[in-house]
Each structure stands twice: as structure tokens, then as C-alpha cells.
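Novice: This is the structure I have questions about; it appears just below.
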Amino acid sequence: MPNQKSIPDQTFHLSISGLRALVDKETPRLFFQFAQAFTKTLGKGTYLLATDTRPSRNTLLPEVVAGITSVGSDVVTIGIAPTPAVLFLVRKMNFTGGIVLTASHNPIEYNGLKFIGPDGIFLSEEGIARVQENLERGEEGAGKRKGSHTHNPNLIEIYIENLLGSKIFSGVSFKNLFCLVDACNGAVYYLLDQVLERIGCRVSHIYSPDKGRAIRNGLFPRPPEPSAENLFKLKQEVLKEEGDLGIAYDPDGDRVSFVSEEGKALGEEATLPLALEFFLPKEKSPVVCNLSTSLLVDAIAERYGVKTYRTKVGERNVIEEMMKRGAKIGGEGNGGVILSEINFTRDGILATLMILALLSERGKLSTIARSFPRFWTKKFSFPYSPERKEIFPRLIEETKKILSQIGEVKEDSRDGLWLGNEKVFCHFRPSRTEPLFRVIICAEKRKITDEIKDLLAERLGGEV
Numbered sequence: 000m001p002n003q004k005s006i007p008d009q010t011f012h013l014s015i016s017g018l019r020a021l022v023d024k025e026t027p028r029l030f031f032q033f034a035q036a037f038t039k040t041l042g043k044g045t046y047l048l049a050t051d052t053r054p055s056r057n058t059l060l061p062e063v064v065a066g067i068t069s070v071g072s073d074v075v076t077i078g079i080a081p082t083p084a085v086l087f088l089v090r091k092m093n094f095t096g097g098i099v100l101t102a103s104h105n106p107i108e109y110n111g112l113k114f115i116g117p118d119g120i121f122l123s124e125e126g127i128a129r130v131q132e133n134l135e136r137g138e139e140g141a142g143k144r145k146g147s148h149t150h151n152p153n154l155i156e157i158y159i160e161n162l163l164g165s166k167i168f169s170g171v172s173f174k175n176l177f178c179l180v181d182a183c184n185g186a187v188y189y190l191l192d193q194v195l196e197r198i199g200c201r202v203s204h205i206y207s208p209d210k211g212r213a214i215r216n217g218l219f220p221r222p223p224e225p226s227a228e229n230l231f232k233l234k235q236e237v238l239k240e241e242g243d244l245g246i247a248y249d250p251d252g253d254r255v256s257f258v259s260e261e262g263k264a265l266g267e268e269a270t271l272p273l274a275l276e277f278f279l280p281k282e283k284s285p286v287v288c289n290l291s292t293s294l295l296v297d298a299i300a301e302r303y304g305v306k307t308y309r310t311k312v313g314e315r316n317v318i319e320e321m322m323k324r325g326a327k328i329g330g331e332g333n334g335g336v337i338l339s340e341i342n343f344t345r346d347g348i349l350a351t352l353m354i355l356a357l358l359s360e361r362g363k364l365s366t367i368a369r370s371f372p373r374f375w376t377k378k379f380s381f382p383y384s385p386e387r388k389e390i391f392p393r394l395i396e397e398t399k400k401i402l403s404q405i406g407e408v409k410e411d412s413r414d415g416l417w418l419g420n421e422k423v424f425c426h427f428r429p430s431r432t433e434p435l436f437r438v439i440i441c442a443e444k445r446k447i448t449d450e451i452k453d454l455l456a457e458r459l460g461g462e463v
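Under our numbering, the final residue of the sequence shown carries the number 463; numbering is consecutive throughout.
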């Protein structure tokens, strides 16, 4: 019979992006319950499990293993591994499902669970709802058969071989590029050297010369998002060491951004356009991205005569639209690139290979970036409270007035509120992983982004 113990009295966020929680003494039990509920949702079988480098993994991993095995399923752990590698292996090796113990770009005080279905894709909203239903039914005691736990870190080699063996790289002669890497002491740290050295690149990590100690302790040397403002040291090191480029990742390796040989951080919004610049001359395909992604994606797609489709924010939403449109490539403006041939997920190492291939074919990163049309992008986050609801109607109308300077303003309410056209947009939406409200502005004219920023600062008390 189910043991009707209550869910721990703790704040957590459950969405299409998985579970995120601020780690405290109740978190181990919460993660046990979610792992068990997820396993009951997909059914008995064999599950794949990996972690990023957060120190709380040492306490939480045994609880996730126990949650899976408590209802008769087996679990294979592979240790620290990038999230994209886990999704690939679930599908390739026919696992029943998988879990990655990570809070992705959230601060180190958080941890989370990303839930993977047997198709190697994150669960849909309906799938997450079923997990929550099983969670609310309560814990179960051990069944007649407790599942087994084995550890097999060598599975990661299958992922590496398939990345490097992709047909998209078959005609590429990779140059011996010198790569300065900021892995944020995250999951990519262990794997990246193996991949890049096999294509002849030279790799130097700017953090943690004592790799073992830093990784074991889960020390993030900078804020975990690989956004331009967080890459000051990487920019310095690229110039100092005369690197061909700098590469920065988030802790679980699904997002990546780049620094040019001139020491300029291109920002996460440049990653998908750079990947498109490599891919679209070789294979014509529609492009799918989310509503918050830079209009530069549309401009590059138009350059190669293909159409762009936009979705709600959330990797699963992008993937479903890719399947619907027959798109081979897609992604998000947070540094995520999806190539369906390899993996129906954002994959930072795959994106890195695509940009290195582009540089091998076309020359310096700064030259390629300067060939792109210029769009100004600003992103803001602020705490959201019910008291602020009364501000929004006026704020929306004032934003529309600013945007109308560029042309007719269209509205899209699929995910918060998107206002804009082919030259400018402003996207208001609640975060699904943090108690925040986000505003993303993208425009051909910097004047427009500055005006909206000033408006937000005035209406929200200078908190943007």
C-alpha cells in the first residue's frame, strides 16, 4: 500500500524544464519521491542516471538511485556527464528513461532533476503532469523485487564516437585551433578535451588547474550562465594567450557561447546563428526557435532561403515544432543548438564542433560575426509579486507605443506576451525555473532597447 507521507514542505519549481529546488535538509526526501514518481510514470525497466558537478550531488544521488530501485526498476549510473550525452544514450541504448541530477544554469545552491523519456527527449507537459500525479499519491515502500544499481562510465564513449562520426562533419577538415575554455568547472570539463583533441585542437582551461579537487568540490568560478557579462576572465585569457577563440559552457553542458580572437564575447544569442551559418549552406531546412530568441536567427535563415518558426520557451516545445515542420536544426537564444540527426536536445559540445568546423572553413570568428546583421538584445529579470499586476496594463501599452516607431506591432500570447514584428520585439514572460519575471528585448535600433529599458526601470522602481 502507498505510504501517504506528505511532500516535504519546501519551495520547488516543477515545469517542462524539470524540477529545481533550493537544497536544504528536506531535499533528499523530495528527490527520492520525484525519482520514484517518475519511474512509476514510465514503468519498470532500466534507467540511466548522471549528474553535474554540484557538491549536493553526493547527498542527492543515492536518494535518486533509491527512488528508482524502490519500485523494482534497475539503474545504471555514468557519473558526471553533460546533459546532452545522457539524452543521446537513453535513446541509443534503449533505456526505459533517464534522469540528470542538475539545476542547469541556476546558482550552485540549487539542484534539480531533468526527466528523460525513452525517445531521448525531455518529458512533455503531459508527462510532467503524470509525474506530479504519481507524486501526490504518496511514496511506496519497496516492492517484491528491489532493482539493481550498476555503474558504467564507459558508456560516454558511445556519445563521443557518434558526435565525431556525424555526416555533417564528413567533409570538414578541422584546423588545429587553439581553444581557451571556461567550462564553469561543470560537467563538460571531463569530456571536452577528449572530443576536441581528437579533431586536432589544442585546449587550455582557464579555471581549476587542479581539476580533480575543483570538480569534486563543485566550485563554480563565475555565475553559471555563459552570458557575455560573465566571461571577463575568458576574454582576458583569449587575448593574453593569443587563442583562436574562447568557449564557455553552463554547468550541465547544454548551452555554450563564444569569445572571438579579438577578445569580444559574442553572447549566447550568437550561438544558434553561427551554427546556422555552418549548417544551412550544406542542408536546406526550416529553422525552429522560441519566441525569446534573437531576430538574427530569422535574418540568417532568410539569407539561405529558409523559413523560421517560433514556439513557446522550453526545449520540448522547440523539438515538437521541429518534428512538425521537418526541421533538421533549431535551438534557443540561450546558447542552445539542436541538430536532429544527432540529438533532439540542446547540445553544447555539438554546437562547439559546428562552430569549430565553421572557423576551419571560413576563417576568424570576428570576421564571421561582423558579417551578420546587427541586432541589439537586452534581457532583464525581476521578482514578480501579485502587487505588481496592476502595473502591467499600463506598461504593455507604453511598450507598444515605443515598438510602433518601427512598424505595426503584432501580439503573440502563447507564452506570456510577445509584441513585435520582423525588426523588433519585446517578450514578457514568467520564468519556469525561478520566481522571476523575464523581459527580452531585441531590435535593429539600439535606441528602442534603451527606451524600453528606461521605461522598465521607471515603472519597476529601478530594479531592471
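Glycine included, every Cβ here is placed at the ideal spot set by N, Cα and C.
Bridge partners of Gly329, per DSSP?
Specialist: By 1-based counting over the sequence shown, the position of residue 329 is 330. Gly329 is bridged to Val287 and Ile337.
Novice: Pair every Cβ in the stretch 58-74 with every Cβ in the stretch 118-137, then say whether three or more of these pairs are closer than 8 Å.
Specialist: No contact exists between the stretch 58-74 and the stretch 118-137.
Novice: Taking only three categories from DSSP, how would you classify Met206?
Specialist: Taking the sequence shown and counting its residues from 1, one reaches residue 206 at position 207. Rather than Met, the amino acid found at residue 206 in this sequence is Tyr. Note: Tyr206 maps to coil in three-state DSSP.
Novice: Expressed to the nearest angstrom, what Euclidean distance is found between the alpha-carbon atoms of Phe381 and Asn110?
Specialist: To locate residue 381, count along the sequence shown from 1; it is residue 382. To locate residue 110, count along the sequence shown from 1; it is residue 111. Spanning the two alpha carbons is a distance of roughly 21 Å.
Novice: Using the beta-carbon count (16 or more within 10 Å), is Ala456 buried or exposed?
Specialist: For the purposes of this step, residue 456 is identified with residue 457 of the sequence shown, where counting begins at 1. Looking at its Cβ environment, which holds fewer than 16 other Cβ atoms inside 10 Å, Ala456 is exposed.
Novice: For Gln35, does the count of other Cβ atoms within 10 angstroms reach 16, so buried, or fall short, so exposed?
Specialist: Against the sequence shown, residue 35 aligns to sequence position 36. By the neighbour-count rule (16 or more Cβ atoms within 10 Å), Gln35 is buried.
Novice: Taking C-beta to C-beta, are Cys425 and Ile451 nearer than 8 Å?
Specialist: The residue you call residue 425 lines up with position 426 of the sequence shown. The residue you call residue 451 lines up with position 452 of the sequence shown. Contact flag set, yes.
Novice: Could you check how far apart the C-beta atoms of His104 and Pro223 are, in whole angstroms? I think they sit under 8 Å.
Specialist: As a first step, residue 104 is located in the sequence shown; it is residue number 105 there, counting from the start. As a first step, residue 223 is located in the sequence shown; it is residue number 224 there, counting from the start. That pair is a contact at about 5 Å.
Novice: Which of the three DSSP states, helix, strand or coil, is assigned to Pro272?
Specialist: Counting from 1 along the sequence shown, the entry for residue 272 is found at position 273. Reduced to three states, the DSSP call for Pro272 is helix.
Novice: Let me confirm a value: Asn93 is counted as buried when at least 16 other C-beta atoms fall within 10 Å, else exposed. Which label applies?
Specialist: As a position in the sequence shown, residue 93 is number 94, starting the count at 1. So Asn93 ends up on the exposed side.
Novice: Report yes if the CB atom of Ile79 is closer than 8 Å to the CB atom of Thr58, and no otherwise.
Specialist: For the purposes of this step, residue 79 is taken as residue 80 along the sequence shown, with counting starting at 1. For the purposes of this step, residue 58 is taken as residue 59 along the sequence shown, with counting starting at 1. No; because the gap between Cβ atoms is not below 8 Å, this pair is not in contact.
Novice: If you reduce the DSSP assignment to three classes, tell me which class Asn229 lands in.
Specialist: The residue labelled residue 229 in the question sits at position 230 within the sequence shown. DSSP places Asn229 in helix when its eight states are reduced to three.
Novice: Between Gly332 and Arg345, which are expected to be in contact by the criterion C-beta below 8 Å, what is the C-beta distance as a whole number of angstroms?
Specialist: For this step, residue 332 is matched to residue 333 along the sequence shown. For this step, residue 345 is matched to residue 346 along the sequence shown. Between Arg345 and Gly332 the Cβ distance is about 11 Å, and since that is not below 8 Å, they are no contact.
Novice: Locate the alpha helix (DSSP H) running through Lys409, then write down its first and last residues.
Specialist: As a first step, residue 409 is located in the sequence shown; it is residue number 410 there, counting from the start. No alpha helix (DSSP H) contains Lys409, which is instead part of the beta strand (DSSP E) from Lys409 to Asp411.
Novice: Can you tell me the Cα-Cα spacing of Tyr189 and Asp249, whole angstroms?
Specialist: Position 190 of the sequence shown, counting from 1, holds the residue named residue 189. Position 250 of the sequence shown, counting from 1, holds the residue named residue 249. Approximately 14 Å, taken between the alpha carbons.
Novice: How would you write the range of the beta strand (DSSP E) that Pro83 sits in, first residue to last?
Specialist: The count along the sequence shown starts at 1 and reaches residue 83 at position 84. Here Pro83 belongs to no beta strand (DSSP E); instead the alpha helix (DSSP H) covers Thr82 to Lys91.
Novice: Bridge partners for Cys425 per DSSP, in chain order?
Specialist: The count along the sequence shown starts at 1 and reaches residue 425 at position 426. Its beta-bridge partners are Leu418 and Ile440.
Novice: Could you tell me if Ser72 is buried or exposed, where buried requires 16 or more neighbouring beta carbons within 10 angstroms of its beta carbon?
Specialist: Walking along the sequence shown from the start, residue 72 turns up at place 73. The residue in question, Ser72, is buried, as its Cβ has 16 or more Cβ neighbours within 10 Å.
Novice: Going by Cα to Cα distance, which pick from Phe278, Lys444, Gly242 and Ile348 is closest to Arg481?
Specialist: Since the first residue of the chain shown is 0 and the last is 463, residue 481 is not available in this structure.
Novice: Figure out for me which residue from Asn420, Pro434, Asp192 and Arg373 has the closest Cα to the Cα of Lys444.
Specialist: As a first step, residue 444 is located in the sequence shown; it is residue number 445 there, counting from the start. Among Asn420, Pro434, Asp192 and Arg373, the Cα nearest to that of Lys444 is on Arg373.
Novice: Output needed for Lys234: all residues of its chain with C-beta closer than 8 Å, excluding positions within five of it in sequence on either side, in chain order.
Specialist: Numbered from its first residue, the sequence shown carries residue 234 at position 235. The answer, listed in chain order, is Gly245, Val258, Gly262, Lys263 and Ala264.
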